[in-house]
Amino acid sequence: MYSRSMTNELMSWWAARMLELVPEQLLRRDATRMDALLLRLSDTRDRVGILVRRKGQQQDLGEVALNANGVASANTALAKHRRPKLVLLCLQSDILLERTVMLPYAALRHVDQLLVYEMDRLTPFTADEVFWNWAPIKHDRARNQLHLRLSLVPKAGLREVLMVLSTAGLGPVQLAVPMPCGETRLLPLDHAVAQPRHQRAVLLAAAATATLAVAVVAAPFALQLHQIMQLDSRAGELRPIIAEVDAARRRMAESGSGADVFAAEATRVGSVVRALATLTEVLPDDTYLTALTLRQGKMTFTGRSAGAARLITALSVDPAIRDPAFLAPVTRGVGGGGDSFSIRAELGR
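Numbering of the sequence shown is given in the numbering used here, commencing with residue 453 and proceeding in unit increments.
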């Protein structure tokens, strides 16, 4: 049976992929210009200012204490207004932590996944200890690196605030941090603090995720069975061809010209032995392969690693390997079994 945590992870992944289809300009407009309920947290974090933004104009409804009486007063004041669906918790800029991160450009499609695995190395926190987001800064074409800005806010100082707001039906969906330069940093919140009024959307997403979960569980087994049957059939077809190749190899070896022919062919399509030697040299000791395919100098390999997120970086450093990239999202193993990965790359000649 699928666990709640696995379902939540699938829901988060599915929502993130859908969000990637929305142009960045629309996302920025939705969060910073559209109608919204703004909760402005005080410096002491015991009061919030209530503002309603509609059609670019803000109406200040006053400030209330973060307690039962205060939030009751806030709801009374909001009852007189058509409450926007979007709720933002506005923070002071001094609570925001930011740094520049450089990654191989090949990792662009897997930035979220890499940052989750590398957060404790890049910052003093793990990914589940902060609210975070990132934005690209530039593409260094000379070094083929992606420069991005990582923004984060520690959860520790906001847990009580978010709990009070969520209990009162005022739970925000994003953090908004206005910057001195005029920009606003937006950081999404996790599902644990999602506001109750979005339950319908969450239920619809959960239904879609449940369907996806069934497919995810069943698909690998069906695919493996189908692949095994295809391989068995293909192996039977290839046996006569293999016998002819072996006979030709013996004749060429006897004639003395076989070595040059094999060397030229290996240079053209790539050497499996050289590919294995290169990967053995580059990959960490806690990584092992379960499959390797090499065709026309392009290799695909799968396996397990104690830290699959770092493999792209390790492979990008070696000049014998070009354009490494994940073929599919990295899957974390159950019970400390390591991360499952699938990577494609080109083997240099």
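Beta carbons: idealized from backbone N, C-alpha and C, even for Gly. Predicted model only: the values in this text are computed from it and were never measured.
- With DSSP as the reference, please indicate the residues paired to Y557 in a beta bridge. None, per the DSSP bridge assignment.
- In chain order, what residues of the same chain lie with their CB nearer than 7 angstroms to the CB of P588, ignoring the 5 residues before and after it? These residues qualify, in order along the chain: L598 and L600.
- Task: Let me know the secondary structure DSSP gives D426 once reduced to three states.
- Result: Outside the displayed span of the chain (453 to 801) sits residue 426, for which this structure offers no information.
- Message: At the level of alpha carbons, what is the spacing between M681 and L602?
- Response: Going by C-alpha positions, M681 is about 47 angstroms away from L602.
- Message: My output table needs one value for E612: the three-state DSSP class, helix, strand or coil.
- Response: In the structure shown, the three-state DSSP call for E612 is helix.
- Closest to Q748 by CA distance: which of E570, R796, R593 and D487 is it? Looking at E570, R796, R593 and D487, the one whose alpha-carbon comes closest to that of Q748 is R796.
- Query: What are the residues that DSSP puts in a beta bridge with Q682?
  - Reply: The beta-bridge partner set that DSSP reports for Q682 is empty.
- Item | Residues of its chain near M571, where Cβ-Cβ distance is below 7 angstroms and the 5 sequence neighbours each way are ignored | Hits under 7 angstroms: F577, T578 and A579.
- Query: Given that a residue counts as buried once 16 or more other Cβ atoms are within 10 Å of its Cβ, and exposed if not, what is V629?
  - Reply: The residue is buried, with at least 16 neighbouring Cβ atoms inside 10 Å.
- Task: Classify M751 as helix, strand or coil using the three-state DSSP reduction.
- Result: Three-state result, M751: strand.
- In its own chain, which residues sit with a C-beta less than 7 angstroms from the C-beta of R492, not counting the 5 before and 5 after it? These residues qualify, in order along the chain: V500, G501, L503 and C542.
- Message: Tell me the rounded alpha-carbon separation between R481 and A766.
- Response: Low confidence applies to R481: its pLDDT is 46, below 50, so where it sits in the model is not reliable, and the reading given next is rough at best. In this model, R481 and A766 are separated by some 38 angstroms (Cα to Cα).
- Query: Residue range of the beta strand (DSSP E) that R499 falls in?
  - Reply: From DSSP, the beta strand (DSSP E) with R499 extends over R499 to R506.
- Query: Just reading off the beta strand (DSSP E) that V605 is part of, what are its end residues?
  - Reply: From DSSP, the beta strand (DSSP E) with V605 extends over Q597 to P606.
- Quick one: what does DSSP say L479 is sitting in, helix, strand or coil? Any reading at L479 needs caution, since the residue's pLDDT is 46, under 50, leaving its predicted position unreliable; the model's value is listed next. In this structure, L479 counts as helix in the three-state DSSP scheme.
- Query: Any idea what DSSP makes of Q676, helix, strand or coil?
  - Reply: Here DSSP, grouped into helix, strand and coil, assigns Q676 to helix.
- Whose CA, out of V769, R551 and D487, lies closest to the CA of R534? R534 has its Cα closest to that of D487, out of V769, R551 and D487.
- Item | Proximity to A729 [Cα-Cα], best of A699, L690, K750 and A772 | Distance from the Cα of A729 is smallest, within the candidate group A699, L690, K750 and A772, for A772.
- Task: Go ahead and pull the three-state DSSP assignment for D775.
- Result: DSSP places D775 in strand when its eight states are reduced to three.
- Hey, how far is the Cα of R593 from the Cα of M631? The straight-line gap from Cα to Cα measures roughly 29 angstroms.
- Query: In or out: L735 buried (at least 16 other Cβ within 10 Å) or exposed?
  - Reply: Buried, by the Cβ-count rule.
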